[in-house]
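Colleague: Using the UniProt record's numbering, count along the sequence shown one by one with no gaps and you end on 414.
Can you read through this structure? Questions will come right after.
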Amino acid sequence: MRLLHVTKLKLKEFFDENVPPYAILSHRWGPDEVSYQDFMGGFKQDGAGYKKIEKCCAYAATNIKTIDLSDLPQRREDIPDSDWVWVVTPIYWVWIDTCCIDKSSSAELSEAINSMYHWYAESRACYAYLSDVTKSDGINQTLSELQNSEWFKRGWTLQELLAPMDLVLLDKNWTELGTRSHLLAHVAQATGIAEERLELCWSNKASGVSVAERFSWAAHRKTTRVEDVTYCLLGLLGQNMPLLYGERDKAFLRLQLEIIRSSNDESVFVWPSGDRRHMGLIAHHPWKFASKYSTQKGEFSKIKGLQRPPYAITNQGLQLRVPAKLSERSSFLLPLNCQHYEGAELKGAYAIPIHEDVSSGIWVRSGPRLSPKDIPQDGSVYRLDDFEFNGLFIVPTASVWSREDLTEENSKVI
Numbered sequence: 001m002r003l004l005h006v007t008k009l010k011l012k013e014f015f016d017e018n019v020p021p022y023a024i025l026s027h028r029w030g031p032d033e034v035s036y037q038d039f040m041g042g043f044k045q046d047g048a049g050y051k052k053i054e055k056c057c058a059y060a061a062t063n064i065k066t067i068d069l070s071d072l073p074q075r076r077e078d079i080p081d082s083d084w085v086w087v088v089t090p091i092y093w094v095w096i097d098t099c100c101i102d103k104s105s106s107a108e109l110s111e112a113i114n115s116m117y118h119w120y121a122e123s124r125a126c127y128a129y130l131s132d133v134t135k136s137d138g139i140n141q142t143l144s145e146l147q148n149s150e151w152f153k154r155g156w157t158l159q160e161l162l163a164p165m166d167l168v169l170l171d172k173n174w175t176e177l178g179t180r181s182h183l184l185a186h187v188a189q190a191t192g193i194a195e196e197r198l199e200l201c202w203s204n205k206a207s208g209v210s211v212a213e214r215f216s217w218a219a220h221r222k223t224t225r226v227e228d229v230t231y232c233l234l235g236l237l238g239q240n241m242p243l244l245y246g247e248r249d250k251a252f253l254r255l256q257l258e259i260i261r262s263s264n265d266e267s268v269f270v271w272p273s274g275d276r277r278h279m280g281l282i283a284h285h286p287w288k289f290a291s292k293y294s295t296q297k298g299e300f301s302k303i304k305g306l307q308r309p310p311y312a313i314t315n316q317g318l319q320l321r322v323p324a325k326l327s328e329r330s331s332f333l334l335p336l337n338c339q340h341y342e343g344a345e346l347k348g349a350y351a352i353p354i355h356e357d358v359s360s361g362i363w364v365r366s367g368p369r370l371s372p373k374d375i376p377q378d379g380s381v382y383r384l385d386d387f388e389f390n391g392l393f394i395v396p397t398a399s400v401w402s403r404e405d406l407t408e409e410n411s412k413v414i
């Protein structure tokens, strides 16, 4: 990890346990940013990008009061204010993505992107610089600018909002707007993420939120590169994978396959299938999860009693085992091991319609939308001991949707 000294403005590389306390910058990139090569090779120091670096270092150097967490097992939001021990710990180092990563090295860039969520989580403080917000005497005007800031609309800033233990929002003049916790209601409105979900992530418990819901948080966020809408989610989903710029939407397919291999969270399949007759089992973009089945409508939880034998990715598709009484049919609703709640009220279980292609024996997702199915809360009708399980293969990705033999005429649907 390469860090920048706040007074000497010199870069130095650190490894693992030798990394000193550091602050970290979250910001939107502008046209005049300073790269690692610029910083090492000499450059004009009167540009906006360099002034941003100077201001960040100056802010870190003068705001030295931080929290000593070395002996505390919990994150900040888990501990009452009265129990905090505040100590004066100077921050001599900052991490800024523009100049602290050598982006000419694909290996270093890949390591940085795969480590970024961890780096933000381990920082002593994160400074979110909102270049399109000006703090004014009119609080309503300031809050309006805050909630409409582009910072809340970019893909990379999602993890930068959720991962750090302490985050302060700053306006274009580096004037403090407030901490993330103090502005909780406004952050929730700007992001569309429920307050309790934000607090859960800030307590380092993002894994307690379903995959589908975490995808929904990025549904309307923008990135410059198509692949980055996936890569910016790696840390939030607890995944690591190689970067392959040029793969475009395939990056999101790869991420979902990694989640399927390492998790039993079936909410990854909970997305409206659209208007296609034959669909893959997994979505091609996070915006597919932007629907009423998102964080505003409740949470996903495991169905008690519903157990499914392990499934696997094969060269024929997703190998899935379902109750034999279902697989005897050529079309049915496949129950998923997740339910939809609004508050404490159960609204029903999720299922997706699938049917068999007669000529190939491969199953495809079908139907215009996700279909909720009424399953008893205890899931007893699908208990493992009630049925024998038969295997079937379901088409996972778009590459198979275009097959000529997967036509309406070749599919037997009842």
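Positions of the beta carbon are idealized from the N, C-alpha and C atoms, including for glycine.
Just so you know, these numbers come straight off a predicted model, no measurement behind them.
Near glycine 41, which residues of its chain fall below 6 angstroms by C-beta distance, leaving aside the five closest residues on each side in sequence?
Modeller: none
Colleague: By the three-class DSSP mapping on this structure, what secondary structure does proline 242 have?
Modeller: coil
Colleague: Under 8 angstroms Cβ to Cβ from leucine 162, same chain only, skipping five residues before and after it: list those, please.
Modeller: Non-local beta-carbon contacts of leucine 162 in its own chain, meaning distances under 8 angstroms to residues more than five positions away in sequence, involve Leu198, Cys201, Trp202, Ala206 and Leu236 in chain order.
Colleague: What residue does the beta strand (DSSP E) around residue 474 start on, and which one ends it?
Modeller: Missing from the structure shown is residue 474; the chain here goes from 1 to 414 and no further.
Colleague: Who are the Cβ neighbours of isoleucine 313 in its own chain at under 8 angstroms, not counting the five residues just before and after it?
Modeller: Closer than 8 angstroms at Cβ, skipping near neighbours: Leu257, Ile260, Arg261, Gln319 and Pro396.
Colleague: Which one or two residues does DSSP pair with isoleucine 113 in a beta bridge?
Modeller: For isoleucine 113, DSSP records no beta bridge to any residue.
Colleague: I think leucine 253 touches isoleucine 282, with their Cβ atoms under 8 angstroms apart; what is that distance to the nearest whole Å?
Modeller: Sure, about 6 angstroms apart at Cβ, within 8 angstroms.
Colleague: Determine the closest residue to proline 31 out of Ser131, Asp102 and Pro21, with distance taken between C-alpha atoms.
Modeller: Ser131
Colleague: How many angstroms separate the CA atom of isoleucine 193 from the CA atom of proline 335?
Modeller: 27 angstroms
Colleague: Could you give the uninterrupted runs of the alpha helix (DSSP H) lying entirely in the region 200-256, keeping only those of 4 residues or more?
Modeller: 211-217 and 228-231
Colleague: Taking the Cβ atom as the reference point for each residue, do isoleucine 117 and glutamine 159 lie within a distance shorter than 7 angstroms?
Modeller: Looking at the sequence itself, residue 117 is tyrosine, so the reference to isoleucine does not match. Yes.
Colleague: If I measure Cβ to Cβ from glutamate 13 and keep anything under 6 angstroms in the same chain, skipping five residues before and after, which residues do I get?
Modeller: Arg2
Colleague: Distance, Cα to Cα, serine 411 vs alanine 351?
Modeller: Model confidence at serine 411 stands at a pLDDT of 30, short of 50, so the residue's coordinates are unreliable; what they give is reported in the following sentence. One C-alpha to the other measures close to 20 angstroms.
Colleague: Can you tell me whether DSSP reads valine 187 as helix, strand or coil?
Modeller: helix
Colleague: Quick check on histidine 355: buried or exposed, where buried means 16 or more other Cβ atoms within 10 Å of its Cβ?
Modeller: buried
Colleague: Specify the secondary structure class of aspartate 102 as computed by DSSP and reduced to three states.
Modeller: coil
Colleague: Where does the unbroken alpha helix (DSSP H) through alanine 61 begin, and where does it stop?
Modeller: 48-62
Colleague: How many Å lie between arginine 180 and alanine 125 at the Cα?
Modeller: 11 angstroms
Colleague: Can you check DSSP and say which residues form a bridge with serine 26?
Modeller: According to DSSP, serine 26 bridges with Ala128.
Colleague: In whole angstroms, what is the alpha-carbon distance linking serine 35 and tryptophan 29?
Modeller: 11 angstroms
Colleague: Taking the CB atoms as reference points, tell me whether tryptophan 271 and lysine 250 lie closer together than 7 angstroms.
Modeller: no
Colleague: Which whole-angstrom value describes the C-beta separation of threonine 191 and tryptophan 217, a residue pair presumed to lie in contact below a C-beta threshold of 8 angstroms?
Modeller: Taking the Cβ atoms as the reference, threonine 191 lies roughly 7 angstroms from tryptophan 217, within the contact range of under 8 angstroms.
Colleague: Just to confirm my understanding: we take tryptophan 363, look at its own chain, exclude 5 residues before and 5 after, and list those with CB closer than 6 angstroms. What are they?
Modeller: Within its own chain, the residues whose Cβ lies closer than 6 angstroms to the Cβ of tryptophan 363, once the five positions on either side in sequence are excluded, are Ile354, Glu356, Leu392 and Ile394, listed in chain order.
Colleague: Based on DSSP bridge pairs, tell me the residues matched to valine 168.
Modeller: Tyr127 and Thr179
Colleague: Can the beta-carbon of leucine 169 be found closer than 7 angstroms to that of alanine 107?
Modeller: no
Colleague: Compare the Cα-Cα distances from isoleucine 113 to each of Gly238, Ser360 and Tyr231 and report the closest residue.
Modeller: Measuring from the Cα of isoleucine 113, the nearest candidate turns out to be Tyr231.
Colleague: Among the residues of its own chain, which have a CB less than 8 angstroms from the CB of residue 415, if the five just before and after it don't count?
Modeller: Shown here, the chain extends from 1 to 414; a query on residue 415 therefore has no answer.
Colleague: Do you know how far the Cα of phenylalanine 332 is from the Cα of alanine 212?
Modeller: 23 angstroms
Colleague: Hey, how far is the Cα of aspartate 374 from the Cα of glutamate 196?
Modeller: Residue confidence for aspartate 374 is low, a pLDDT of 43 falling below 50, so the modelled location carries little weight; the figure read from the coordinates is stated next. Approximately 27 angstroms between the Cα atoms of the pair.
Colleague: Mind reading off the beta-carbon distance from serine 210 to serine 267? Whole number of angstroms is fine, and I expect it under 8 angstroms.
Modeller: 4 angstroms
Colleague: Per DSSP, what kind of secondary structure is aspartate 357 in: helix, strand or coil?
Modeller: strand
Colleague: Using only the alpha-carbon positions, how far apart do valine 226 and arginine 248 sit?
Modeller: 5 angstroms
Colleague: Could you compute how far the alpha carbon of asparagine 240 sits from the alpha carbon of serine 360?
Modeller: 34 angstroms
Colleague: Give the single residue among Arg214, Asp16 and Asp38 whose Cα lies nearest to the Cα of threonine 98.
Modeller: Asp38
Colleague: Sorted by chain position, which residues of the same chain lie with C-beta nearer than 6 angstroms to tryptophan 156's C-beta, five sequence neighbours on each side aside?
Modeller: Only Cys232 meet the Cβ criterion.
Colleague: Shortest alpha-carbon distance to phenylalanine 215 belongs to which of Ala58, Trp151, Tyr245 and Ala290?
Modeller: Ala290
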